[in-house]
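The structure appears right after this line, and notes come after that.
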Ligand SMILES: *Cc1c(COP(=O)(O)O)cnc(C)c1O
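In this note's numbering, the protein residues as written are 6 to 233.
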């Protein structure tokens, strides 16, 4: 059950984020505006239900199991939902990810590309996919290095994966702008239309650099209760 206060707060925060997205897109001279992916990971269910009531239909989750628990039933209630996987994917979860998600944003290595291709063949489902790029070349971070992007893309083409764009998470301690600029340049040179970049703290910057999708959690729902 969603209480009136939860609903009012979430609806109001969503309106504020959507209007900021519109304004920033317009100021950046863009004809399209960036799409809001509401990052629901670790948020309590009441907040998710409030945002569904407010009209939100595109959500991002970073763990397959958590997403299955939260969305398997809601997906039946809301047939127009679009679920994005935005966290690292293990190959042994490729089948489950293909079954649940509409967009997999974190394809970043050949072994995973092959596992996803196999899952798509066996299920006859074709979620869209983004390649995650490790623009800061951080050793602990997921994502393909910019220098290895073309090899991975070539493999994805051979495997007939529906790659529609690129995604990045800039290093936390650096200004995000140069990373967004790099991702936009990599995508443009390869004719990839979708750019998933920008989170609560920097989505206005990302939109200026051409983000088509911004992934926003805390600015929409409030602080996460535990794990980030
Ligand atoms: C958690 C997360 C977000 C959202 O972060 P906020 O700062 O809460 O907006 C966006 N992208 C990814 C990949 C995340 O894991």
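C-beta: ideal position from N, C-alpha, C; glycine also. Since we're looking at a predicted model, the values are computed, not measured.
Could you name the residues that DSSP lists as bridge partners for residue 65?
Beta-bridge pairing links residue 65 to 44, 89.
Tell me which residues share the same chain as residue 69 and place their Cβ nearer than 6 angstroms to its Cβ, disregarding the 5 neighbours each side in the sequence.
Closer than 6 angstroms at Cβ, skipping near neighbours: 98, 101, 102.
Could you tell me which uninterrupted beta strand (DSSP E) segments, each at least 3 residues in length, are contained entirely in the region 144–179, listed from first to last along the chain?
Complete beta strand (DSSP E) runs here, min 3: 168–172.
Which stretch, first to last residue, makes up the alpha helix (DSSP H) that contains residue 128?
Residue 128 -> alpha helix (DSSP H) spans 115–128.
Kindly indicate the opening and closing residues of the beta strand (DSSP E) around residue 205.
Neither: residue 205 is in no beta strand (DSSP E) and is coded neither H nor E.
If you measure between the beta carbons of residue 25 and residue 64, is that distance less than 8 angstroms?
No, the pair does not count as a contact, with Cβ atoms beyond the cut-off.
Are residue 191 and residue 169 touching if we call contact CB-CB under 8 angstroms?
No, they are not a contact pair.
May I ask you to check if the CB of residue 24 is nearer than 7 angstroms to at least one heavy atom of ligand 1?
Outside the cutoff, so no.
Exposed or buried, which one is residue 212 when buried takes at least 16 other CB atoms within 10 Å?
So residue 212 ends up on the buried side.
May I ask you to list the residues that DSSP assigns as paired with residue 20?
Beta-bridge pairing links residue 20 to no other residue.
Look at the alpha carbon of residue 50 and the alpha carbon of residue 226, and state the distance between them as a whole number of angstroms.
For residue 50 and residue 226, the distance between alpha carbons rounds to 11 angstroms.
Assign residue 156 to buried or exposed, taking buried as 16 or more other Cβ atoms, counted over all protein chains shown, within 10 Å of its Cβ.
Looking at its Cβ environment, which holds fewer than 16 other Cβ atoms inside 10 Å, residue 156 is exposed.
May I have the straight-line CA-CA distance separating residue 172 from residue 11, to the nearest angstrom?
Those two C-alpha atoms are separated by around 31 angstroms.
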